[in-house]
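In the numbering used here, the protein residues as written are 2 to 661.
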């Protein structure tokens, strides 16, 4: 199936063959699929026919004038001209009076059109002469103007009766469309040769936009304000981005491969990749020693304490403790830890599909009795990094949700003005002058169709306009500030993690911002030698579901649990959709200096083993959905980070302008 047809069908649109031949030669060259869908949506139709295709190409400037109306007029005139017979002439001559003759001729012609399929038609030359004679007989002196599109041989004054017929036809059509009060009630749809086939209600014209995309919002830097950050060299490096990783899909072994084998292979490679990366992290812990593969335990039958590392397939609580099913590349084993053991509480922190190490004794009954549990975790000690020559700051935000009727637009505009030097105190002046980076961790727009009933909560109901509105706002950020912008689950991007980037067809205005750097979710940014792990934070949902005493009200606690497991979203098949790539790209392989997440709309932060974790809040006031799930957001608060220490410098509060 052609790419254009397949794309339309997947979006619940149909296309007719004539429209396909018109559009196919220009597809992916002069226009993209979202543009065509948006045009069809404005026309209120799900069928892309020839007329719609021509109007779309005209709107794009690809063709100068749609020709379907010309074609209709010409064909109608030709058919009606052929329908004039000798009987029409005779009956017209017998009629007294010019007006009556014309009306009678018109009625006869309409009857003759129906009978013309049963009788042979006369030649064009004879027909034209006969029509001239009719005019002479009934005393008609004036000829009507010939419309465009009529062949040269018919462009003679003696064609007046034919034009009168067309005019009469059009007036009948207009009477049929207009009710007694003159309002348009229905329209006639014509086939390729002008034959009416359907009468349906007239489409209601699209209402003009009543919402703003902030095109008129312009902010200039405060006159006389000294931006020290302008003189500070920008030192950043995208250390990890999903788009830079080349993933090779598995291939079938032969033509006799069983159906579904490739799919199984993809999942197998994904978890093998995770196990390999996690084993490397765990082995860096000096306490994790004497590691033996699970498959070797049955015939080695070791005595004393040993260690196994595996992927936790399942866990269940028993009367005396926890029972796990653990798997590695060599086999599967049941692992039990009793309530009386020192590390029993760590069992609560283990999520399905996470990789951990167990130390204990192997029983001949085929069960491993664990005394200790080792999570991948973060090392206790961290190497100090050299200080920077100049103080430089970064502002961290997320979950802007432009397009929502709960978007705190006034507060966000005040934030943009603040970045341009419009401050209220000397302390703020010192901070703003040194802000060099702005990091936005996903959900930059509210999106379309994310949850049931969302349309009623949108102030900008068009995804293209949402990104245009965001770009118009961010275009006012001073050009010396580098913006890093990543996607979230509300954005026009792949829903499954990891998310490589925004779809360019939708978020094109963001890519055109001069000082913007588009990143993936997750991504690692090196700022002046400090590693910032930027994640939207959907993995928090699974932690809240599986680990006791976790909630969305304190999102930094689930963030700590994810850091302990060294994974952004460890549970496969939970609330978070994960793409089964051949390599697990969600493992936190190197320990960052700072972890930023969003998603839950609550500002919260904590230091764990030298790593600063922060959830950067939101710019959206409480929605109806959040009221149902009892989430109280903390909108319009901006944490400012000292890049040198990767710690919080201050929080700037714009809440008083969030009055939605």
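Glycine included, each C-beta is placed from N, C-alpha and C at the ideal position.
Quick caveat, the model's predicted, so the values are computed rather than measured.
Tell me, which residues are paired with residue i by DSSP?
i	result
residue 651	641
residue 636	619
residue 467	Residue 467 pairs with nothing; no bridge assigned.
residue 315	326
residue 268	Its beta-bridge partners do not exist; DSSP assigns none.
residue 568	588
residue 334	327
residue 524	242, 535
Roughly how many angstroms lie between the CA atoms of residue i and residue j, to the nearest whole one?
i	j	result
residue 372	residue 313	17 Å
residue 629	residue 602	15 Å
residue 393	residue 263	49 Å
residue 358	residue 281	12 Å
residue 496	residue 412	29 Å
residue 6	residue 13	11 Å
residue 605	residue 625	22 Å
residue 499	residue 488	10 Å
residue 536	residue 649	18 Å
residue 351	residue 548	8 Å
residue 465	residue 224	34 Å
residue 45	residue 451	22 Å
residue 249	residue 266	12 Å
residue 591	residue 570	16 Å
residue 129	residue 22	Note that residue 129 scores 44 on pLDDT, short of 50, meaning its location in the model is unreliable and no value can be drawn from it.
residue 641	residue 399	13 Å
residue 269	residue 580	13 Å
residue 621	residue 324	43 Å
residue 220	residue 238	29 Å
residue 461	residue 320	55 Å
residue 455	residue 52	33 Å
residue 288	residue 340	22 Å
residue 520	residue 501	8 Å
residue 234	residue 308	49 Å
residue 463	residue 286	51 Å
residue 11	residue 522	26 Å
residue 247	residue 524	15 Å
residue 430	residue 424	6 Å
residue 585	residue 333	21 Å
Using CA coordinates, which residue listed in the options is at the minimum distance from residue i?
i	options	result
residue 212	467, 562, 427	467
residue 477	417, 360, 517, 520	417
residue 402	574, 318, 637	637
residue 215	502, 25, 404, 595	404
residue 612	378, 30, 39, 506	378
residue 434	16, 228, 9, 27	228
residue 299	335, 524, 389, 230	335
residue 422	593, 410, 436	436
residue 609	647, 395, 633, 617	647
residue 329	365, 272, 287	272
residue 361	570, 333, 303	303
residue 305	318, 364, 284, 247	364
residue 316	308, 326, 322, 447	326
residue 484	236, 4, 50	236
residue 63	525, 654, 25, 35	25
residue 513	527, 426, 486	486
residue 60	37, 50, 49, 541	37
residue 311	296, 426, 28	296
residue 447	49, 274, 469, 657	469
residue 555	633, 596, 526, 527	633
residue 218	651, 574, 475	475
residue 380	593, 654, 658, 48	593
residue 410	54, 619, 15, 584	619
residue 508	226, 35, 600	35
residue 345	366, 356, 374, 367	374
Report back the beta-carbon spacing between residue i and residue j to the nearest angstrom; my notes put them in contact at under 8 Å.
i	j	result
residue 531	residue 383	About 12 Å; that fails the 8 Å criterion.
residue 376	residue 565	5 Å
residue 442	residue 551	At roughly 20 Å, the Cβ-Cβ gap does not stay under 8 Å, so residue 442 and residue 551 are not in contact.
residue 397	residue 615	6 Å
residue 444	residue 492	6 Å
Would you call the CB atoms of residue i and residue j closer than 7 Å?
i	j	result
residue 349	residue 370	no
residue 559	residue 577	no
residue 243	residue 407	no
residue 472	residue 511	yes
residue 294	residue 331	yes
residue 588	residue 278	yes
residue 231	residue 529	no
residue 607	residue 557	yes
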